[in-house]
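Take a look at the structure below.
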């Protein structure tokens, strides 16, 4: 999505909230209830901040119901939350797209290595036709896909300094548990290790893992640099999350209510992308001030490994190649 369009949509979002107050509030007040919104991350992380942003917009619209945000998987881990969405026990969630890729392989398209140079490029791809089609595929699972948020690009956080791809070989790297992350780290000779988020810090201390595949938001949120101070900006993948709704709840809304909520999600998506893009440099500065040693690796082995992994996954699903081709600059 072009930057001009994003700014227009952000402005329109402010007007939408005022308009919704006039024609939604009275109709929903009679059956007001608290909607549950699950996120997997702590409060400072953009996934959870986006949930609060959307909840605030919902409240300002006077839609009668309220939204309560439950961070750090308080309602259950991601597979549990997805099941709760399907049953209607939870109305809303932010879920990492990596988890959705375990349900539909088309979502693997987001993780093709070195597909996007910047967070802004990845954010622009969220409004591409193939990206929206991925979300639409969730309809058959009783889940309504509404939009995306982006914590940032993926990097490597290590207990030891790393200056070349060769030094990655042999490391035990906490990686997101799906095929493409595993393939990426194995291509570099590392041992990808699946661990729940709460176990990462103690596993760094005990030596269960040597390094972590991260976005900088989660490093800051969990203060990971205190146990693994070397942040290598590999920029190897995008890492979106999806804003999801229970189809049971969604189908209980009128078409006008659905349209109004979609406008709020679109504004939240744009706000989150702009917030992360504009705040990335300041966040890196803060991490450096808090002890992180930040560097990069200039090694042709990284893009070469990326090409190998891309080629292995491009045709796992027709939508993967369509997404890749639609978002080449």
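Residue numbers (this note's numbering): 147 to 475. Virtual Cβ for every residue (Gly too), placed ideally from N, Cα, C. No experiment lies behind these values; they were computed from the predicted model shown.
Assigned with DSSP and collapsed to three states, residue 351 falls in helix.
When beta bridges are read from the DSSP output, residue 301 appears opposite 360. Comparing C-alpha distances from residue 280 to each of 199, 346, 465 shows the shortest one belongs to 465. Residue 402 and residue 463 have their alpha carbons spaced roughly 34 Å apart. Contact annotation: the segment 356 to 368 does not touch the segment 210 to 217, with fewer than three C-beta pairs closer than 8 Å. Residue 244 is positioned such that its CB atom lies closer than 8 Å to that of residue 324.
The residue among 260, 224, 288, 209 with its C-alpha nearest the C-alpha of residue 451 is 260.
Secondary structure of residue 180 (DSSP, three-state): strand. Around the C-beta of residue 291, 16 or more other C-beta atoms lie within 10 Å, and the residue is accordingly described as buried. Straight across, the Cα-Cα distance linking residue 273 with residue 352 is about 42 Å. Under the DSSP assignment, residue 326 falls in the alpha helix (DSSP H) whose first and last residues are 325 to 333. Proximity of the segment 246 to 258 to the segment 452 to 462 meets the contact definition, three or more beta-carbon pairs being nearer than 8 Å. DSSP, reduced to helix, strand and coil, places residue 236 outside both helices and strands of the structure shown, so it counts as coil. Closest in alpha carbon position to residue 233, among 472, 400, 395, is 395. Between residue 443 and residue 315, the CB-CB gap reaches or exceeds 8 Å. Between the C-alpha atoms of residue 238 and residue 299 there is a straight-line separation of about 24 Å. In this structure, residue 368 lies away from residue 440, with their beta-carbon atoms at least 8 Å apart.
Within the same chain, Cβ atoms closer than 8 Å to the Cβ of residue 373 are found at 305, 347, 350, 351, the five residues on either side in sequence being excluded. According to DSSP, residue pairing for residue 294 in a beta bridge involves 388. Annotation: the segment 208 to 287 contains the following complete segments of the beta strand (DSSP E) (minimum length 3 residues), in chain order: 212 to 216, 238 to 242. Between residue 192 and residue 293 the beta-carbon gap is near 13 Å, outside 8 Å, which marks them as no contact. The three-state secondary structure of residue 456, taken from DSSP, is helix. Close CB contacts of residue 468 within its chain, under the 6 Å cut and outside five residues either way in sequence, are with 276 (chain order). Under the three-state reduction of DSSP output, residue 449 falls in the helix class.
Annotation: residue 202 to residue 278 spans about 25 Å, alpha carbon to alpha carbon. Separation of the CB atoms of residue 386 and residue 268 is rounded to 7 Å, and the pair is thereby assigned contact status at 8 Å.
Here the C-alpha atom of residue 330 lies approximately 29 Å from the C-alpha atom of residue 421. In the structure shown, the three-state DSSP call for residue 341 is coil. Residue 185 and residue 354 have their alpha carbons spaced roughly 26 Å apart. About 15 Å separates the CB atoms of residue 340 and residue 317; that is not less than 8 Å, and the two are not in contact.
Spatial neighbours of residue 432 in its own chain (CB-CB distance under 8 Å, excluding positions within 5 residues in sequence) are listed in chain order as 366. In the assembly as shown, residue 409 is a buried residue. Its beta-carbon has 16 or more other beta-carbons within 10 Å.
Selection 473, 313, 454, 397 evaluated against residue 356 yields 313 as nearest (Cα-Cα).
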